[in-house]
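Peer 1: The structure's right below; bear with me while I get my questions together.
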Amino acid sequence: MSSRPGRHFLQIPGPSNSPDRILAAMAKPTMDHRGPDFGIFGKKLLNDIRGIFRTKQPVIIYPSSGTGAWEAALVNLFQPGDRLLMIETGQFATLWQDLALRLGLDVEFISGDWRRGVQPEEVEEKLKADSGKTIKGICMVHNETSTGATSRVFDVRKAIDAAGHDALFLVDSISGIGCADYRHDEWGVDVTIGGSQKGLMTPPGLGMNVIGPKALQVSQTGGVRRSYWDWAAMLELNSGGYFPYTPATNLLYGLREAIDMLNEEGLENTFVRHERLASAARQAVQAWGLEMQIEVADERSNVLTAVRVPDGCDADHVRAVILKNFDVSLGNGLGKVKGKVFRIGHLGDFNEPMLLGTLAAVETGLRLANVPHQSGGVDAAMRYLADTA
Ligand SMILES: Cc1ncc(COP(=O)(O)O)c(C=O)c1O
């Protein structure tokens, strides 16, 4: 591979760009993870990460990808044959379902066309129909990274309550946390699943479980035999700031810096920044005359925008043209929408010129790839940014 001048634009919807501050923090020497300094560091980190999830409950951090954190939540709570209600918002909801099926769980999957977020009424209806209360858990994806849909977590909580159901409520906010408003405690979530590599701006490799009191209680007698993922073993050591096995020390340094950066900006300001940049991106897509994957405007994510290419065009070809010519990586279409969409990530350590550069590369790439569209998308985004400056 030959050297390319300038900075590569990593505009996939995660892993996101890690800012220099985080990279520098990670470059510090690894410390003794059983020594006294680590205990002080770990205790503070495990305390402070709770603010990002808006919780007072424990947050477990595994050296794992997000998929590991999905599995951890399921094995601590459920046994083969237990029934789960899951909702098909896109590829990540589908993969979580596949994982549950492999663990022997019995999943009722509310099917979807990948163009909407979770519909709380559908959840309520399914739960009301479960008069024998056989459903043990409800699992949803807060921000569906494959389609760009953000679902209303609190409305789903209200739907569960309206149905009078006592199933545990599990939410994957791997790509929502640090980008979009999220409140583990206030929204009555039992387990939140997180990851380091999206809004938390840290490289991939940390998976998280936020554990509410009801979930903790169920885990004490429930779940399956487990070792690596066991919440109890983690929590015991975490109380002193330590881990039952070697933690991903340098990734934790990065996460420490990320928490500080989010707090310095102010979480609310971070959400407003994401909302504004996402709105500008949507203005561009509209001006191009292209369709967004998510049909309902208020379900469109502030983390990424999935853009459909017209019939007869190949979204992967468009992405390849943009990468080759401009060194900009966009997200590909996954699963059912492979080749039909490309995804623009506008998350994490991201600002106006990065957005405009990305959109300019996309608009030029559309032209180079002969995708029928109107020009003026970048101009529409610039106008929006000027109007909201
Ligand atoms: C919403 C969501 N859930 C789960 C995952 C899986 O995480 P990982 O690839 O880190 O295992 C991803 C990854 O992009 C995701 O976006």
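Sequential numbering from 27 applies to the sequence shown in the working numbering.
Where a beta carbon is used, it is the ideal one built from N, C-alpha and C, also for glycine.
Just checking, does the segment 77-87 make contact with the segment 178-186 on the three C-beta pairs under 8 Å criterion?
Peer 2: Output reads no: the segment 178-186 does not touch the segment 77-87.
Peer 1: Using a 10 Å radius around the Cβ and a threshold of 16 neighbouring Cβ atoms, would you call PRO39 buried or exposed?
Peer 2: One-based indexing of the sequence shown puts residue 39 at position 13. The residue in question, PRO39, is buried, as its Cβ has 16 or more Cβ neighbours within 10 Å.
Peer 1: Kindly indicate which residue of ALA395, ASP74, VAL404 has the alpha-carbon position closest to the one of LEU303.
Peer 2: Here residue 303 refers to the residue found at position 277 when the sequence shown is read from its first residue. Ranking ALA395, ASP74, VAL404 by Cα distance to LEU303 puts VAL404 first.
Peer 1: Beta carbon of ILE200: closer than 8 Å to some heavy atom of ligand 1?
Peer 2: Within the sequence shown, the letter at position 174 stands for residue 200. Yes, Cβ of ILE200 sits closer than 8 Å to a heavy atom of ligand 1.
Peer 1: Determine the extent of the beta strand (DSSP E) in which LYS162 is found, giving its start and end residues.
Peer 2: Walking along the sequence shown from the start, residue 162 turns up at place 136. 161-167 is the extent of the beta strand (DSSP E) around LYS162.
Peer 1: If you measure from the CB of TRP140, is any heavy atom of ligand 1 nearer than 8 Å?
Peer 2: Mapped onto the sequence shown, residue 140 falls at position 114. It does not: the Cβ of TRP140 is nowhere closer than 8 Å to a heavy atom of ligand 1.
Peer 1: Which residue spans inside the segment 254-294 form an unbroken alpha helix (DSSP H) run of at least 4?
Peer 2: Runs found: 257-264, 275-291.
Peer 1: For HIS399, is the classification buried or exposed, using 16 other Cβ atoms within 10 angstroms of its Cβ as the cut-off for buried?
Peer 2: Counting from one through the sequence shown, the residue named residue 399 turns up at place 373. Classification of HIS399: buried, given that the 10 Å Cβ count is 16 or more.
Peer 1: Taking the straight line between their C-alpha atoms, what separation do you get for LEU144 and GLY163?
Peer 2: In the sequence shown, counting from the first residue as 1, residue 144 sits at position 118. In the sequence shown, counting from the first residue as 1, residue 163 sits at position 137. What sits at residue 144 in the sequence shown is Val, not Leu. For VAL144 and GLY163, the distance between alpha carbons rounds to 16 Å.
Peer 1: Where DSSP assigns a beta bridge to GLY371, which residues make up the other side?
Peer 2: For the purposes of this step, residue 371 is identified with residue 345 of the sequence shown, where counting begins at 1. Note: GLY371 sits in a beta bridge opposite LEU330.
Peer 1: How many whole angstroms separate the CB atoms of GLY359 and VAL367, which I take to be in contact at a CB cut-off of 8 Å?
Peer 2: As a first step, residue 359 is located in the sequence shown; it is residue number 333 there, counting from the start. As a first step, residue 367 is located in the sequence shown; it is residue number 341 there, counting from the start. Indeed they touch by this definition, with Cβ atoms about 4 Å apart.
Peer 1: With C-beta atoms as the reference, is MET52 less than 9 Å away from GLU301?
Peer 2: For this step, residue 52 is matched to residue 26 along the sequence shown. For this step, residue 301 is matched to residue 275 along the sequence shown. No; because the gap between Cβ atoms is not below 9 Å, this pair is not in contact.
Peer 1: Got a sec, what are the start and stop residues for the beta strand (DSSP E) ILE200 sits in?
Peer 2: As a working note, residue 200 is residue 174 in the sequence shown. First-last for ILE200: undefined, no H or E at that position.
Peer 1: What is the rounded straight-line gap between the Cα of ASN289 and the Cα of GLU321?
Peer 2: Within the sequence shown, the letter at position 263 stands for residue 289. Within the sequence shown, the letter at position 295 stands for residue 321. Distance between the alpha carbons of ASN289 and GLU321: 33 Å.
Peer 1: Our contact map puts VAL333 next to MET318 with C-beta atoms below 8 Å; I'd like the distance itself, whole angstroms only.
Peer 2: Residue 333 sits at position 307 when you count from the first residue of the sequence shown. Residue 318 sits at position 292 when you count from the first residue of the sequence shown. 6 Å between Cβ atoms; contact.
Peer 1: Straight-line CA distance for PRO336 to PHE135?
Peer 2: For the purposes of this step, residue 336 is taken as the residue at position 310 of the sequence shown. For the purposes of this step, residue 135 is taken as the residue at position 109 of the sequence shown. If I take the Cα positions, the gap works out to 30 Å.
Peer 1: Pick helix, strand or coil for GLY40, following the three-state DSSP scheme.
Peer 2: Position 14 of the sequence shown, counting from 1, holds the residue named residue 40. Correct three-state label for GLY40: coil.
Peer 1: Whole-angstrom Cβ separation of ALA189 and LYS154, contact assumed at under 8 Å?
Peer 2: As a position in the sequence shown, residue 189 is number 163, starting the count at 1. As a position in the sequence shown, residue 154 is number 128, starting the count at 1. ALA189 to LYS154, Cβ: 5 Å. Contact.
Peer 1: Considering just the uninterrupted stretch of the beta strand (DSSP E) at SER245, what are its terminal residues?
Peer 2: Along the sequence shown, read from residue 1 onward, the residue named residue 245 stands at position 219. Element bounds for SER245: not the beta strand (DSSP E) but the alpha helix (DSSP H), 239-247.
Peer 1: Which of helix, strand or coil does DSSP assign to LEU131?
Peer 2: Residue 131 sits at position 105 when you count from the first residue of the sequence shown. Here LEU131 sits in coil by DSSP.
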